[in-house]
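> In short: position in the sequence shown from 1, add 22, done, that's our numbering.
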Amino acid sequence: MSTMAVEDVAVAPVDEGFWTRTRKVGSVLVGLGLVGAVLFGSLATGEQARFTLSEDSAGAALSIHGTLGAVLFGLVAVATGAAMLVGLPKRWFTLVLGVGLVGFVLSFLCWQISDAQPGQNFMPLVNIVRGTFILALPLIFGALAGVLCERSGVVNVAIEGQLLMGAFSGALFGSISGSVWVGLVAAALGGAFISLLLAVFAIRYLVDQVVMGIVLNLLAVGVTGFLYERLMQTDAARYNSAPRFSNWEIPLLSDIPLLGPALFRGNIFLYLGLLLVLVLHIALFRTRWGLRTRSVGEHPTAADTLGVKVLRVRYRNVLLAGVVAGIGGASYTLALYSFTKNMIGGKGFIALAALIFGRWSPTGALLAALFFGFADQLGTYLGAINSIIPSQFLAMLPYLATILAVAGLVGRVRAPAADGKPYIKG
23 MSTMAVEDVA
33 VAPVDEGFWT
43 RTRKVGSVLV
53 GLGLVGAVLF
63 GSLATGEQAR
73 FTLSEDSAGA
83 ALSIHGTLGA
93 VLFGLVAVAT
103 GAAMLVGLPK
113 RWFTLVLGVG
123 LVGFVLSFLC
133 WQISDAQPGQ
143 NFMPLVNIVR
153 GTFILALPLI
163 FGALAGVLCE
173 RSGVVNVAIE
183 GQLLMGAFSG
193 ALFGSISGSV
203 WVGLVAAALG
213 GAFISLLLAV
223 FAIRYLVDQV
233 VMGIVLNLLA
243 VGVTGFLYER
253 LMQTDAARYN
263 SAPRFSNWEI
273 PLLSDIPLLG
283 PALFRGNIFL
293 YLGLLLVLVL
303 HIALFRTRWG
313 LRTRSVGEHP
323 TAADTLGVKV
333 LRVRYRNVLL
343 AGVVAGIGGA
353 SYTLALYSFT
363 KNMIGGKGFI
373 ALAALIFGRW
383 SPTGALLAAL
393 FFGFADQLGT
403 YLGAINSIIP
413 SQFLAMLPYL
423 ATILAVAGLV
433 GRVRAPAADG
443 KPYIKG
């Protein structure tokens, strides 16, 4: 098995004519850039748009004239789109796309910040970065759970239910025991319980994995909602007052400008999430376990022929995915909030989108989760400065970002070849 290589199946290129994917994306960037330069530039004011390197308006800041910034960054997006239209090497596609999108966002922010009420013409970057990571945490854990399952050939639509059961179990048992560590273990077991049901029905009884995932999500909503009303609502002090993990400050690293206060003054979930990304990436692509996992997800028959216990690998990885997602759910109730009915609010499906956007890779899933987390944090920030954009639209930002990312930016992606296909041993 150590000599076996898992390669992507070659896909014959499709003749797209003039309007290749690169040119289509380039035309969209040109349009966005023109919106930034013309519309945002006309709406921006002459006030300075300040991006402070602190948690408030004090300290060092990057400042730019509101109108000038909106026009200038809009033109950056136009330039990147034009570069794609005239022809761009594929190796530069991601970088140029990133620059174009950042230019559009900065153009938009120059308008919003310069047009804010006096005293609110600034964006505290430390708070934005910290908020992005906090809001991305359940997405990171959920997407990693998806990577573990789908790299093994099992579609995990039940991420929402795993997160929700983890949040509920952490709150309930953390409250009863008065221990955050008991709550954390209970959250992991709660997520694993949903995964166990997924594994048994999908692997043993060959139930359609997508349908089973949806059923398990509904089961988690029903069970947690019922127990919430019967226990937590009637006696919140006893059943819904779990202790919280405190923040751990890492000396020296926490003093790094901008990133230090945001990344190195966090709780255990932040450090654990980033560590899991690193460990899972190395394990998946540099170890025998990872090779066997990928072989089971790509060609289980060949893996079985070489001695890999296909069903055992799938059971083990699906259960491990539930543990990871359950811990992600606990990042709500053991760090931020008390439990409420259906408190995950669709984040499991956004985590599934992050998995696809990140191309079934741990590091890609991390970057995608941060993208969606930033969209969520941006909506919160714009609401705080009383943006003229309706609050209902701001609440839609993370979901709109999900749709745009998966539908427009991912391009052609290929899931593991055996993903969602039951394996019947011959």
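Heads up, the beta-carbon is just placed ideally off N, CA and C, and yes, glycines get one too.
As a quick exercise: from Leu75, Gln70, Ile290 and Lys331, pick the residue whose alpha carbon is nearest that of Lys447.
Residue numbering aside, residue 447 sits at position 425 when the sequence shown is read from its first letter. Per the Cα distances, Lys331.
> Quick check on the DSSP output: the beta strand (DSSP E) that includes Phe144 runs from which residue to which?
Numbered from its first residue, the sequence shown carries residue 144 at position 122. Counting along the chain, the beta strand (DSSP E) containing Phe144 begins and ends at Phe144 to Pro146.
> Which residues mark the beginning and the end of the alpha helix (DSSP H) in which Ile410 is found?
Translated into the one-based positions of the sequence shown, residue 410 becomes position 388. Here Ile410 belongs to no alpha helix (DSSP H), and DSSP marks it neither H nor E.
> Report the start-end ranges of each alpha helix (DSSP H) in the stretch 352-393 that is 4 residues or longer and not cut off at the edges.
You should have 369-379.
> Excluding the 5 residues preceding and the 5 following Leu51 in the sequence, name in chain order all residues of the same chain whose CB lies nearer than 7 Å to its CB.
Taking the sequence shown and counting its residues from 1, the one referred to as residue 51 is at position 29. The answer, listed in chain order, is Ala99, Thr102, Gly103, Met106 and Gly122.
> Bridge partners of Glu77, per DSSP?
What you label residue 77 is simply residue 55 of the sequence shown in a count that begins at 1. According to DSSP, Glu77 bridges with nothing at all.
> Nearest to Ala210 by CA position, among Phe248, Gly192 and Gln231, is which residue?
Along the sequence shown, one-based indexing puts residue 210 at 188. The shortest Cα separation from Ala210 among Phe248, Gly192 and Gln231 belongs to Gly192.
> For Val299, which residues in the same chain have their Cβ closer than 8 Å to its Cβ, ignoring the five residues on either side in sequence?
Indexing the sequence shown from 1 puts residue 299 at position 277. Ile162, Leu166, Pro384, Thr385, Ala387 and Leu388, listed in sequence order.
> Among residues of its own chain, excluding the 5 on either side of Ala373, which ones have a beta-carbon nearer than 6 Å to its beta-carbon?
The count along the sequence shown starts at 1 and reaches residue 373 at position 351. Answer for Ala373: Leu161, Gly164, Ala165 and Ile181, listed in chain order.
> Are the beta-carbon atoms of Gly183 and Ala242 separated by less than 7 Å?
Counted from its first residue, the sequence shown places residue 183 at position 161. Counted from its first residue, the sequence shown places residue 242 at position 220. Yes, Cβ-Cβ distance for Gly183 and Ala242 is below 7 Å.
> Is it a yes or a no for the stretch 145-158 touching the stretch 62-80, going by three-plus beta-carbon pairs under 8 Å?
Yes, since at least three Cβ pairs between the stretch 145-158 and the stretch 62-80 fall closer than 8 Å, the two stretches touch.
> Using only CA atoms, which one of Asn149, Phe155 and Arg266 lies nearest to Leu7?
Any question about residue 7 goes unanswered here, given that the chain covers just 23 to 448.
> Return the chain-ordered ranges of every alpha helix (DSSP H) run that is complete within the stretch 102-156 and spans a minimum of 4 residues.
Here the runs fully enclosed are 115-136.
> Output the residue ranges of the alpha helix (DSSP H) runs that lie fully inside the stretch 156-216 and measure 4 residues or longer, sorted by chain position.
181-199, all fully within the stretch 156-216.
> Let me confirm a value: Tyr403 is counted as buried when at least 16 other C-beta atoms fall within 10 Å, else exposed. Which label applies?
Counted from its first residue, the sequence shown places residue 403 at position 381. Buried: at least 16 other Cβ atoms inside 10 Å.
> Could you say if the stretch 122-133 and the stretch 332-346 meet the contact criterion of at least three C-beta pairs nearer than 8 Å?
Cβ pair count under 8 Å is below three, so no.
> Look at Tyr227 and Pro322 and say whether their C-beta atoms are less than 7 Å apart.
Here the question's residue 227 lines up with position 205 in the sequence shown. Here the question's residue 322 lines up with position 300 in the sequence shown. Cβ atoms of Tyr227 and Pro322: not closer than 7 Å.
> With the cut-off set at 7 Å, would you say Gly53 and Ala440 are in Cβ contact?
Position 31 of the sequence shown holds residue 53. Position 418 of the sequence shown holds residue 440. No; because the gap between Cβ atoms is not below 7 Å, this pair is not in contact.
> Do you know how far the Cα of Gly395 is from the Cα of Val33?
As a working mapping, residue 33 is identified with position 11 in the sequence shown. As a working mapping, residue 395 is identified with position 373 in the sequence shown. Any answer about Val33 is weak, because its pLDDT of 44 lies below 50 and its placement is not dependable; what the coordinates show is given next. Cα to Cα, the separation comes out at about 33 Å.
> Assign Ser49 to one of three DSSP states: helix, strand, or coil.
One-based indexing of the sequence shown puts residue 49 at position 27. In this structure, Ser49 counts as helix in the three-state DSSP scheme.
> So, helix, strand or coil for Gly68, using DSSP?
Within the sequence shown, numbered from 1, the residue matching residue 68 stands at position 46. It is coil, neither helix nor strand.
> Could you name the residues that DSSP lists as bridge partners for Trp270?
The count along the sequence shown starts at 1 and reaches residue 270 at position 248. Answer by DSSP bridge pairing, in chain order: Gly288.
> Where does Ser317 sit, in a helix, a strand or coil, going by DSSP?
Reading the sequence shown from its first residue, position 295 is the one you call residue 317. DSSP places Ser317 in helix when its eight states are reduced to three.
> Could you name the residues of the same chain whose beta carbon sits closer than 6 Å to that of Lys363, not counting the 5 residues immediately before and after it, in chain order?
Reading the sequence shown from its first residue, position 341 is the one you call residue 363. Taken in chain order, the residues that qualify are Gly247 and Tyr250.
> Give every residue of the same chain whose Cβ lies closer than 8 Å to the Cβ of Ile366, excluding the five residues on either side of it in the sequence, and list them in chain order.
Stepping through the sequence shown from its first residue, residue 366 is reached at position 344. These residues qualify, in order along the chain: Pro160, Glu182, Leu185, Leu186, Ala189, Gly351 and Tyr354.
> What did DSSP end up calling Ala439 once you bin it into helix, strand or coil?
For the purposes of this step, residue 439 is taken as residue 417 along the sequence shown, with counting starting at 1. Three-state result, Ala439: coil.
> Mind checking Asn269: buried by the 16 CB within 10 Å criterion, or exposed?
Here residue 269 refers to the residue found at position 247 when the sequence shown is read from its first residue. So Asn269 counts as exposed.
> How about the stretch 108-121 and the stretch 89-96: do they share at least three Cβ pairs that are nearer than 8 Å?
At 8 Å Cβ cutoff, the stretches do not touch.
> Just the Cα atoms here: how many angstroms apart are Asn239 and Phe393?
As a working mapping, residue 239 is identified with position 217 in the sequence shown. As a working mapping, residue 393 is identified with position 371 in the sequence shown. If I take the Cα positions, the gap works out to 25 Å.
> Using DSSP with H/G/I as helix, E/B as strand and the rest coil, what is Ile425?
Mapped onto the sequence shown, residue 425 falls at position 403. Helix.
> Measuring straight from C-alpha to C-alpha, what distance separates Thr44 and Arg113?
Taking the sequence shown and counting its residues from 1, one reaches residue 44 at position 22. Taking the sequence shown and counting its residues from 1, one reaches residue 113 at position 91. Going from the Cα of Thr44 to the Cα of Arg113 covers about 11 Å.
> For Gly375 and Thr424, I'd like the C-alpha separation in whole angstroms.
Translated into the one-based positions of the sequence shown, residue 375 becomes position 353. Translated into the one-based positions of the sequence shown, residue 424 becomes position 402. A quick correction: the sequence has Ala, not Gly, at residue 375. Between Ala375 and Thr424, the C-alpha separation is close to 7 Å.
> Going straight from the alpha carbon of Gly81 to that of Leu75, what length do you get?
Looking up residue 81 in the sequence shown gives position 59. Looking up residue 75 in the sequence shown gives position 53. Approximately 7 Å between the Cα atoms of the pair.
> Which of the three DSSP states is assigned to Ile225 in this structure?
Position 203 of the sequence shown holds residue 225. DSSP places Ile225 in helix when its eight states are reduced to three.
> Among the residues of its own chain, which have a CB less than 7 Å from the CB of Ile216, if the five just before and after it don't count?
For the purposes of this step, residue 216 is identified with residue 194 of the sequence shown, where counting begins at 1. These residues qualify, in order along the chain: Ala180, Gly183, Gln184, Met187, Leu238, Ala242 and Gly344.
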